[in-house]
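Written out below as structure tokens is the structure these notes cover.
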Amino acid sequence: MSSAESLIKEWDGEQVIIRHDRPSGAWIFVAIHSTRLGPAAGGTRMKSYPDVQAAFLDALRLSEGMTLKFAASEMPYGGAKAVIAVPSDLDRQSRASLLQRYGTLVKQLGGLFRTGPDVGTTPADMDVIATTGAPYILSRTSEAGGAGDPGPFTARGVFIGIKLLCERLFGQQSVHGRTVLVQGAGDVGGSLIGFLRDAGADVLFSEVNGDLVCEFRDKLGLRYVAPESVYSTECDIFSPCALGAVLNADTIPLLKCLAVAGSANNQLERQEDAESLRSRGILYAPDYVINAGGAIAIFGLELEGWTRDRAGSEVVAIIRRNLDQIFRSATAEGISTEIAARRIAEQRLHVHAKLL
Ligand code: PHE
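Just so you know, the sequence shown maps onto residues 21 to 376 in the numbering used here.
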């Protein structure tokens, strides 16, 4: 059996739409994981991958994360994700026309899939995709009538999560004087750094993009940690805000932190890695719970008619409620926080299945 076949067989989602975009050489995967709680939705990730199979697997795994994210947040949407695997030398014009063809594909899906920004795409890209993909494109720029960048809402949710971790670890929510190491100073990480600095945390950061290193180290004076020492640097809280699979059998033994709480999707390489964190006494805030702020806010603003104030307070309330429940049941039942979070999400999915 080919590996694509076995990947699909092992995946418990509903369907995958695959397109090879000849003009650009890109591959497009739209993975519809679940429509049980409502129309499937998730971001559009656009980047280069080592091979097509890696892109395919990323779409499958990320789409499941979106199902869990919406279920845990009690939002009436199903989980999906689009991955556009692009050649590394794609020029601006080819990129824009690829986005338009992608919009046509989303439009053809007729509401099966709604999307917004993710790694490698921005609200300005959503404007381009929406020229052909409307009305299924969220998070367009405010100039184009959209709710704009989800990043600050995601960062706000992660910040609240970090405060709750501080409460569990130190008895008070304040981050003042606590050392937080943020891996990735992009859209969400950069915004999170702002919240942490304003609250008096001692922020360290790691980043691979030279312009961002210059901005945060040289202009703001933050302590920079080289990527090769990010896992072994001592800190109170390690906050992965870049790519996935950073918590694995190689990195977990190196960690010198008390807790992990960040915005990246799929931080654990395997589910068992949650158990390794637990046995090392490192408290882990499950990624799809703590990073749900962007999705909660944008879907609330654009599809549920929320004001920006309401979106902000919903993000805080939902993430606080979920993390409290997860930490409590993980301690009471002696299970990892990852398993505790899954139980909450799955229970909501099952309760709904019974009502159908
Ligand atoms: N990329 C966001 C996430 O992973 C999902 C999102 C989709 C956010 C649509 C805003 C709009 O949670």
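Just so you know, even glycine gets a beta-carbon here, dropped at the ideal spot from N, CA and C.
For this session: Verify whether the separation of the beta carbon atoms of Ala61 and Gly98 is less than 8 Å.
Result: yes
Problem set entry | Outcome for Ala92 when other beta-carbon atoms lying within 10 angstroms are tallied against a minimum of 16 | buried
Problem set entry | Asp256 - DSSP class collapsed to helix/strand/coil | In the three-state reduction of the DSSP assignment, Asp256 falls in the coil class.
Exercise. Hey, out of Leu343, Trp31 and His53, whose CA is closest to Val4's CA?
Worked result: For the chain, the structure presents residues 21 to 376; residue 4 sits outside this window and is missing.
Exercise. Of the choices Asp307, Arg115 and Gly354, whose alpha-carbon is the least far from that of Ala365?
Worked result: Asp307
Problem set entry | Same chain only: Cβ atoms within 7 Å of Ala75, ignoring 5 sequence neighbours per side | Trp47, Phe49, Tyr69, Val103 and Ala105
Exercise. Considering only the beta carbon of each residue, do Ala350 and Ile310 sit closer than 8 Å?
Worked result: no
Problem set entry | Span separating the alpha-carbon of Ile302 from that of Leu118 | 43 Å
Problem set entry | Touch test, the segment 288 to 298 against the segment 259 to 271, Cβ-Cβ under 8 Å, three pairs minimum | Result yes; three or more Cβ-Cβ pairs closer than 8 Å.
For this session: Over the uninterrupted beta strand (DSSP E) stretch that includes Leu201, give me the two end residues.
Result: Thr199 to Gln203
Exercise. Nearest to Val36 by CA position, among Ser194, Ala24, Phe173 and Ser356, is which residue?
Worked result: Ala24
Exercise. Thinking C-alpha only, which one of Lys276, Ala312 and Ala317 is nearest Arg300?
Worked result: Lys276
Exercise. Pairing CB atoms from the segment 122 to 139 with CB atoms from the segment 147 to 154, are three or more of them under 8 Å?
Worked result: yes
For this session: Kindly indicate which residue of Leu216, Asp71, Gly206 and Asp145 has the alpha-carbon position closest to the one of Cys261.
Result: Nearest of Leu216, Asp71, Gly206 and Asp145 to Cys261, Cα basis: Gly206.
Exercise. Helix, strand or coil: how does DSSP classify Ala92 here?
Worked result: helix
For this session: Measure the Cβ-Cβ separation of Val200 and Ser259 and say whether it is below 8 Å.
Result: yes
For this session: Give every residue whose Cβ lies closer than 5 Å to any heavy atom of ligand 3, listed in chain order.
Result: With respect to small molecules bound, the structure shown includes ligand 1 and not ligand 3.
Exercise. With distances taken from CA atoms, which of Ser83, Thr161, Val223 and Gly354 is nearest Ile204?
Worked result: A small correction: the amino acid at residue 204 is Gly; Ile does not occupy that position in the sequence shown. Closest option to Gly204, Cα to Cα, is Val223.
For this session: Classify Ile38 as buried or exposed, calling it buried when 16 or more other Cβ atoms lie within 10 Å of its own Cβ.
Result: Its Cβ having fewer than 16 others within 10 Å, Ile38 is exposed.
For this session: Just grab the DSSP bridge partners of Phe190 for me.
Result: Phe190 is not bridged to any residue.
Problem set entry | 8 Å Cβ cutoff met for Val208 and Thr161 | no
Problem set entry | Nearest-angstrom beta carbon gap, Gly166 and Gly63 [assumed within contact, 8 Å] | With a Cβ gap of about 14 Å, Gly63 and Gly166 do not count as contacting.
Exercise. Less than 8 Å separating the beta-carbons of Arg134 and Pro59?
Worked result: Cβ atoms of Arg134 and Pro59: closer than 8 Å.
Exercise. Exposed or buried, what is Gln287 when buried is set at 16 or more other beta-carbons lying within 10 Å of its beta-carbon?
Worked result: It counts as buried.
Exercise. Between Gly325 and Gln367, what straight-line distance do the alpha-carbon atoms span, to the nearest angstrom?
Worked result: One C-alpha to the other measures close to 27 Å.
Exercise. Is the beta carbon of Leu369 less than 8 Å from the beta carbon of Arg56?
Worked result: yes
Problem set entry | Cβ separation of Ala331 and Leu321, assumed to be a contact under 8 Å, to the nearest whole Å | 5 Å
For this session: Report yes if the CB atom of Asn229 is closer than 8 Å to the CB atom of Leu82, and no otherwise.
Result: no
Problem set entry | Contact set for Ala79: own chain, Cβ-Cβ below 6 Å, skip 5 residues either direction | Phe49, Ala51, Lys101 and Val103
Exercise. Can you name the start and end residues of the beta strand (DSSP E) that Leu212 belongs to?
Worked result: Element bounds for Leu212: not the beta strand (DSSP E) but the alpha helix (DSSP H), Asp207 to Asp218.
Exercise. Would the beta-carbon of Val346 fall within 8 Å of that of Ile316?
Worked result: Note on identity: in this sequence residue 346 is Ile, with Val being the wrong assignment. Contact: no.
For this session: Within its chain, find whatever has a CB closer than 7 Å to the CB of Glu188; leave out the 5 residues flanking it on each side and keep chain order.
Result: For the record, residue 188 in the displayed sequence is Arg; it is not Glu. Hits under 7 Å: Leu303 and Phe347.
Exercise. Residue range of the beta strand (DSSP E) that Gly62 falls in?
Worked result: Ala60 to Lys67
Exercise. Between Ser333, Gly314, Pro273 and Gly214, which lies nearest to Lys89 when the distance is taken from Cα to Cα?
Worked result: Gly314
Exercise. Can you pull the DSSP bridge partners for Phe133?
Worked result: Ala60
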